[in-house]
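The structure appears right after this line, and notes come after that.
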Amino acid sequence: MKLLHCPVNGPRPVSEFVYWGEIRPMPDPARASDAEWADYVFNRDAAAGVKREWWCHVPSGVWFVAERDTARDAVLRTYLWGEGA
Amino acid sequence: MKRLAPIRGEWIDRSRSVAFELEGRIHTGFAGDTITSALCGADVRVLGRSFKYHRPRGVLSLANHDVNALLQWNDRPNVRADATPLADEMRLFAVNTDGGLDQDRRRFLDRLSPFLPVGFYYKAFHDRRWFPRWEAMFRALTGLGRVSVTTERRRTPKRYDFCDVLVIGAGPSGLSAALAAADAGARVVIVDENARAGGSGTYALVGDDDPVGARTRDRVVRCAEHPRVSLRTGTVAAGCYADHWVPLVERDRITKMRARAVVIATGAFEQPAVFRGNDVPGVMLASAAQRLLHRYAVAPMTRAVVLAANRDGYRAALDLLAHGIDVAAVADLNESPADDAACRELASRGIPVRLGHGVYEARAGHDVLRDAVLAPLTPDGALNAARTERIGCDGLVVSVGWAPAANLLYQAGARMHYDELLAQFVPGALPPGVFACGRVNGVYAFEAKLADGERAGLEAAGALGLRAAGAAPLVPAEVQRPSHPYPIFSHPKGKNFVDFDEDLQLQDFANAVQEGFDNIELLKRYTTVGMGPSQGKHSNMNAVRILARLTGQPIEAVGTTTARPFFHPVPLAHLAGRGFTVERETPLHSRHEALGAVLMLAGHWRRPEYYAVPGSRRLGAIREEVLAVRNSVGLIDVGTLGKIEVSGPDAAAFLERVYTGRFANMSPGSTRYCLMVDEAGTIIDDGVVARLGDQRFYFTTTTSGSATVYRELTRLNTMWRMQCGIVNVTGHRAAVNLAGPKARDVLSRLTRSDMSEAVFPYLAARELEVAGIPARVLRIGFVGELGYEIHVAHDRASSLWDALMEAGSELGIRPFGVEAQRLLRLEKGHLIVGQDTDGLTNPFEAGCGWAVKMDKPFFVGQRSLAILAKKPSRQALVGIELVPGEAVDRVAECHLVIEAGEIAGRVTSVAFSPTLGRHIGLAMLAPALAEPGRQIAIRVTDGALVTAKVVRAPFYDADGRRQKLAEAA
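Respectively, the protein sequence lines represent chains Y and X.
Going by the numbering used here, the first residue of the first sequence is number 4, and it counts up by one from there.
Going by the numbering used here, the first residue of the second sequence is number 7, and it counts up by one from there.
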């Protein structure tokens, strides 16, 4: 079983986490065309590579960002929202 | 084969005899024997019949994957005889025979083998009509042990364990690695699948006084006594998963080990040479013969011929001599001896050494080895059949090469490359935290293995930040080639086996390649090489060599197949879990049980479906509950609802962003329905929001949605950073709904607060005391009557329930369950998210467009709903009434609505309404059908069509008078 590093709780087994998809910037709802909005809502880029993803450590309720190389299934780093840069 | 006088370091306990039975014959072995060694000690040479041709087979490797010695032990199928300790009163049968080992009636298949080439089955038995017959025939002919379907369930414990360094394999290099890592301060676990530690240091010896034995034993003792080393024998590391997660399988349990670093010291599998008759009982690998000698004190033969291509072969020959076994000759595939000193010693003892010779054929008499036929090699590496030499022997000891036991390394993500000098695969770059040492790492000489183990142990400790005092030793390079690059010899009559599991011969590979299966992965699937129970441990290396030769490629280019878990077969009992399912109970559970509740599972919750009434059946009891709520008063536990508090300056603004409705304009002390959609505008949850103060909201979610809604709200606010706190109080608070025309009477008896319509109107929320218990009371109408949802701290729930039941006893109060509530809300046409909606339903289709306030600046899903609002709707949720008739009871949820032969909708809820005296329901219909008065056809389970009529919901009290303004009691 994989380990994931929660930025608050440290390394924990992956069964304690939920995955909530890739982090994608939301287009401005007021400006986006219907097609652009539909693309944001429904389409996902499935190409293997480094993704920024939402993960939550369920027992403690900590949401954080994981940068994961889906080609290697390797988590490169994890950090709290807003602390990545 | 016979038992010898005691040998130093032997694993058997001669003071304890163990009697057992094989196919009706009684034998005796010793405690510490495996089944195979006990049978060898009793001079039983044929241990099994091969899978396809039913050829007699004996010991091959004795390395825990001798698949031709699989036995049925009572209800346990496919017991590996070479890996299973002998136990008292075992009753054993060989698998895959018809009539027993000696009299197997399927022996004739061996003579048919020329007509059963590889791929024969694919080509001959694909006819669809006849296939079932062929399948039945082949299932009877081939196959392994019998599975008993009446076996008692075996419960196998699962444990979790942790260590700094896990060393897999307790041979010389593994022991060395464990000691080095432990001395550097690491907590070390070292495992070995064998009954005792020591690995090759317990058998690859020359005589009993070989210093290799003493030095290995010394390390075993030091590991056993080291305070930071846990040495576990009889333990198989069955796989290597992500982040150093290794299942350790013992006979009766499995341990899930999380290590910080892993040292793989799994050694090497000795590989057979391929020649005609290489499977005859009596032909065995040198390591097998030496295991028999040193571990079990069994003489593997009386007169041996040795086929060698490396130093191990010469050492084995000297070892046999040291134990009084006659060595008739040594044939060396090399032109110059692999071990000069040993060669001279053999010569001095008068033993002929035939350099540049191989075995042309091993011949059997009465199923076991009788002669070895040697022949010189021609310059192109073939055998010269014109110059054979026949030597009588009852044992042919083969030592021509090794293949790394790299299965776990592959699983850990290591890459292997072919080393031409060693003529075998060795690990290249290893993943972080994974180390390899010893023979799996291409290091063979004893001194070098010790040094390599120490190096790996120190590196593993160093990876954990531990630093040893001394520097890592240099590992000397191999001076001698341990493996022959092509110990494979054709024979016009075949029977030169490459894969002993699947009875594959050399010619089968040539045929497969000729037919185009010339890639290692294709070859594997077509020939099934490496797909038997030993998973290629005997066969993959030779298969790769053969394919490289046949296709003219270098071995590196041919590559290897994937080595998947498990390393050895693992009983399913070890993998089966306990069926652990979380079940939750509300604080009122004991009250429900006392009242005779029939419980159902709603999500993880055990909830009362209804309360059993003596003399009433299920439906009768539910109807009585419904009528009690409609006519007097009922009480239901709704503590399973999700309950969340949001407070802070931005609390109202936050709710407006996550729900479709408007909340900023609510006055404190009021409630409002709330609907949640996702980014696509699909309904995902609903509930009731109560505003308790300017900056304080308390709201409910559906029972099944509580955890995910709370989680999503916290995620959204992680991004939004709004000034509000979100607290999930689902488990902290209990809730009941008191509903019915007499609800106010009941409640008034328990509170001093003014419950009058003017002070506590419909949709109001109040914080007050009920029966002395601080409560939040929401006046809502889910079931369509005057109703109060009363929320209290969980530890006061029972007191509240008792007080309400007592206060209502004169008024005929009844507890009601989930079924009655479903019916009551259906009569009101209220939808249940997840039952009447699905993963595509938007609010407009579900008839809750009124709850969507599009004129807010933003809410999740708003933009999508704006698009959907412009489009014609695809479906609509409407009320239906079944036309009275015979089939009405057969209509159920999820039955389809059929229009002109096409699916035009589905029934989402349906039930008999005792209040109305007819069947009612909700259906999601194509817009064309959704007009009130329209007749629709519902297809029930057996295909019959039942007529229904679209009607306007609610079915009961359409203008909501009863819930808003109940008549005074």
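Even glycine gets a Cβ: it sits at the ideal position worked out from N, Cα and C.
These figures come from a predicted structure and were not determined experimentally.
(message) Residues in the same chain with beta-carbon distance under 8 angstroms from residue 298 of chain X, minus the five sequence neighbours each way, listed in chain order, please.
(response) Here residue 298 of chain X is taken as the residue at index 292 of the second sequence, counted from 1. Answer for residue 298 of chain X: 7, 43, 46, 65, 68, 304, 305 and 306, listed in chain order.
(request) Identify each residue in the stretch 683–696 of chain X for which the Cβ-Cβ distance to at least one residue of chain Y is less than 7 angstroms, and report them in chain order. (result) 685 and 686
(request) Look at the Cβ atom of residue 804 of chain X, then the Cβ atom of residue 597 of chain X, and state whether they are nearer than 9 angstroms. (result) As a working mapping, residue 804 of chain X is identified with position 798 in the second sequence. As a working mapping, residue 597 of chain X is identified with position 591 in the second sequence. Closer than 9 angstroms, so yes.
(message) On the DSSP letters alone, give me the boundaries of the beta strand (DSSP E) that residue 692 of chain X sits inside.
(response) To locate residue 692 of chain X, count along the second sequence from 1; it is residue 686. Note, residue 692 of chain X: beta strand (DSSP E), 689–699.
(request) Could you list which residues in chain X have their beta carbon closer than 9 angstroms to that of residue 9 of chain Y, in chain order? (result) As a first step, residue 9 of chain Y must be located in the first sequence, where it is residue number 6. Within chain X, no residue comes near residue 9 of chain Y; the closest Cβ sits about 14 angstroms away, beyond 9 angstroms.
(request) Taking 8 angstroms as the threshold, find out whether the stretch 566–582 of chain X comes into contact with the stretch 235–251 of chain X through three or more Cβ pairs. (result) yes
(request) Closer than 7 angstroms, Cβ to Cβ, to anything on chain Y: give me those residues from the stretch 701–731 of chain X, in chain order. (result) 717, 720, 721, 724 and 725
(request) Please specify which runs of the alpha helix (DSSP H), each continuous and at least 4 residues long, are wholly inside the stretch 256–319 of chain X, giving them in chain order. (result) 292–302
(request) Kindly list, in the order they appear in chain Y, the residues whose Cβ is closer than 9 angstroms to that of residue 868 of chain X. (result) On the second sequence, residue 868 of chain X is found 862 positions in, with the first residue counted as 1. 32, listed in chain order.
(request) Closer than 7 angstroms by beta-carbon distance: list the chain X residues that pair up with residue 58 of chain Y, in chain order. (result) Along the first sequence, one-based indexing puts residue 58 of chain Y at 55. Result: empty, since nearest Cβ-Cβ is about 10 angstroms, beyond 7 angstroms.
(request) Return the bridge partner residues of residue 707 of chain X from the DSSP annotation. (result) Locating residue 707 of chain X in the second sequence gives position 701, counting from the first residue. In the DSSP output, where bridge partners are listed per residue, residue 707 of chain X has X:648.
(request) Out of X:559, X:923, X:105 and X:659, point me to the one whose CA is closest to residue 866 of chain X's CA. (result) The sequence position of residue 866 of chain X within the second sequence is 860, counting from 1. The option with the nearest alpha carbon to residue 866 of chain X is X:659.
(message) Short of 7 angstroms in beta carbon distance, which residues of its chain neighbour residue 272 of chain X, apart from the five on each side in sequence? Order them along the chain.
(response) Within the second sequence, the letter at position 266 stands for residue 272 of chain X. Counting only Cβ-Cβ distances below 7 angstroms, and skipping sequence neighbours, we find 174, 175, 411, 414 and 446.
(request) With a 10 Å radius around its C-beta and 16 neighbouring C-beta atoms as the bar for buried, classify residue 136 of chain X as buried or exposed. (result) Here residue 136 of chain X refers to the residue found at position 130 when the second sequence is read from its first residue. That one is exposed.
(request) Could you name the residues of chain X that residue 64 of chain Y contacts, counting a contact when the two beta carbons are closer than 9 angstroms? (result) Here residue 64 of chain Y is taken as the residue at index 61 of the first sequence, counted from 1. What residue 64 of chain Y touches in chain X: 716, 717, 720 and 734.
(message) Determine, for residue 6 of chain Y, whether the minimum Cβ-Cβ distance to residues of chain X falls below 9 angstroms.
(response) Numbered from its first residue, the first sequence carries residue 6 of chain Y at position 3. Closer than 9 angstroms: yes.
(request) Determine the DSSP secondary structure at residue 606 of chain X, reduced to helix, strand or coil. (result) Sequence index remark: in the second sequence, residue 606 of chain X carries index 600 (1-based). Of the three classes helix, strand and coil, the one that applies to residue 606 of chain X here is strand, per DSSP.
(message) Using beta carbons (cut-off 9 angstroms, strictly below), is residue 248 of chain X in contact with chain Y?
(response) Start at 1 with the first residue of the second sequence, and residue 248 of chain X comes out as number 242. Answer yes: the Cβ-Cβ gap between residue 248 of chain X and chain Y drops below 9 angstroms somewhere.
(message) Tell me which residues share the same chain as residue 16 of chain X and place their Cβ nearer than 6 angstroms to its Cβ, disregarding the 5 neighbours each side in the sequence.
(response) Along the second sequence, one-based indexing puts residue 16 of chain X at 10. Hits under 6 angstroms: 303.
(request) Grab me the residues of residue 510 of chain X's own chain with a C-beta within less than 6 angstroms of its C-beta, minus the 5 sequence neighbours each way, in chain order. (result) The sequence position of residue 510 of chain X within the second sequence is 504, counting from 1. Closer than 6 angstroms at Cβ, skipping near neighbours: 504, 533 and 535.
(request) Give me the Cα-Cα distance between residue 83 of chain Y and residue 162 of chain X, rounded to the nearest whole angstrom. (result) Within the first sequence, the letter at position 80 stands for residue 83 of chain Y. Within the second sequence, the letter at position 156 stands for residue 162 of chain X. Rounded to the nearest angstrom, the two C-alpha atoms are 41 angstroms apart.
(message) How far does the beta strand (DSSP E) with residue 460 of chain X in it extend, from its first residue to its last?
(response) What you label residue 460 of chain X is simply residue 454 of the second sequence in a count that begins at 1. Per DSSP, residue 460 of chain X belongs to no beta strand (DSSP E); it is in the alpha helix (DSSP H), 452–469.
(request) Could you name the residues of chain X that residue 44 of chain Y contacts, counting a contact when the two beta carbons are closer than 7 angstroms? (result) The residue you call residue 44 of chain Y lines up with position 41 of the first sequence. 685, 686 and 870, listed in chain order.
(request) Taking residue 72 of chain Y as the query, report the chain X residues whose CB atoms sit under 8 angstroms from its CB, ordered along the chain. (result) Along the first sequence, one-based indexing puts residue 72 of chain Y at 69. Result: empty, since nearest Cβ-Cβ is about 13 angstroms, beyond 8 angstroms.
(request) Report the rounded CA-to-CA distance for residue 16 of chain Y versus residue 585 of chain X, giving the unit in angstroms. (result) For the purposes of this step, residue 16 of chain Y is taken as the residue at position 13 of the first sequence. For the purposes of this step, residue 585 of chain X is taken as the residue at position 579 of the second sequence. Distance between the alpha carbons of residue 16 of chain Y and residue 585 of chain X: 20 angstroms.
(request) Assign residue 132 of chain X to one of two classes, buried (16 or more other C-beta atoms within 10 Å of its C-beta) or exposed (fewer than that). (result) Stepping through the second sequence from its first residue, residue 132 of chain X is reached at position 126. It counts as exposed.
(request) Give the DSSP bridge partners of residue 888 of chain X, in chain order. (result) Taking the first residue of the second sequence as 1, we reach residue 888 of chain X at position 882. Beta-bridge pairing links residue 888 of chain X to X:954.
(request) Find out if the Cβ-Cβ distance for the pair residue 27 of chain Y, residue 53 of chain Y is shorter than 9 angstroms. (result) The residue given as residue 27 of chain Y occupies position 24 in the first sequence. The residue given as residue 53 of chain Y occupies position 50 in the first sequence. Result no, Cβ atoms of residue 27 of chain Y and residue 53 of chain Y do not sit closer than 9 angstroms.
(message) Just to make sure I have the definition right: I need the residues of chain X whose C-beta is within less than 8 angstroms of the C-beta of residue 37 of chain Y. Which are they?
(response) The residue given as residue 37 of chain Y occupies position 34 in the first sequence. Those within 8 angstroms of residue 37 of chain Y in chain X are 873.
(message) On the DSSP letters alone, give me the boundaries of the alpha helix (DSSP H) that residue 421 of chain X sits inside.
(response) The count along the second sequence starts at 1 and reaches residue 421 of chain X at position 415. Note, residue 421 of chain X: premise wrong, no alpha helix (DSSP H); not H, not E.
(request) Rounded to whole angstroms, what's the CA-CA distance from residue 261 of chain X to residue 950 of chain X? Just pull it up for me. (result) For the purposes of this step, residue 261 of chain X is identified with residue 255 of the second sequence, where counting begins at 1. For the purposes of this step, residue 950 of chain X is identified with residue 944 of the second sequence, where counting begins at 1. Going from the Cα of residue 261 of chain X to the Cα of residue 950 of chain X covers about 55 angstroms.
(message) For a quick check, are the C-beta atoms of residue 236 of chain X and residue 195 of chain X less than 9 angstroms apart?
(response) If you number the second sequence from 1, residue 236 of chain X lands on position 230. If you number the second sequence from 1, residue 195 of chain X lands on position 189. A contact, by the Cβ cut-off of 9 angstroms.
(request) Starting from residue 864 of chain X, find everything on chain Y with Cβ-Cβ shorter than 8 angstroms and list it in chain order. (result) Counting from 1 along the second sequence, the entry for residue 864 of chain X is found at position 858. Neighbours of residue 864 of chain X on chain Y, chain order: 32.
(request) For chain X, find out if any of its Cβ atoms is closer than 9 angstroms to the Cβ of residue 21 of chain Y; answer yes or no. (result) Translated into the one-based positions of the first sequence, residue 21 of chain Y becomes position 18. Answer yes: the Cβ-Cβ gap between residue 21 of chain Y and chain X drops below 9 angstroms somewhere.
(message) So, at 7 angstroms on beta carbons, what are the nonlocal neighbours of residue 622 of chain X in its own chain, with the 5 sequence-adjacent residues on each side left out?
(response) In the second sequence, counting from the first residue as 1, residue 622 of chain X sits at position 616. Excluding residues within five positions, the ones whose Cβ falls inside 7 angstroms are 630.
(request) Give the straight-line distance between the Cα atoms of residue 13 of chain X and residue 284 of chain X, rounded to the nearest whole angstrom. (result) To locate residue 13 of chain X, count along the second sequence from 1; it is residue 7. To locate residue 284 of chain X, count along the second sequence from 1; it is residue 278. Each residue's Cα considered, the two are about 29 angstroms apart.
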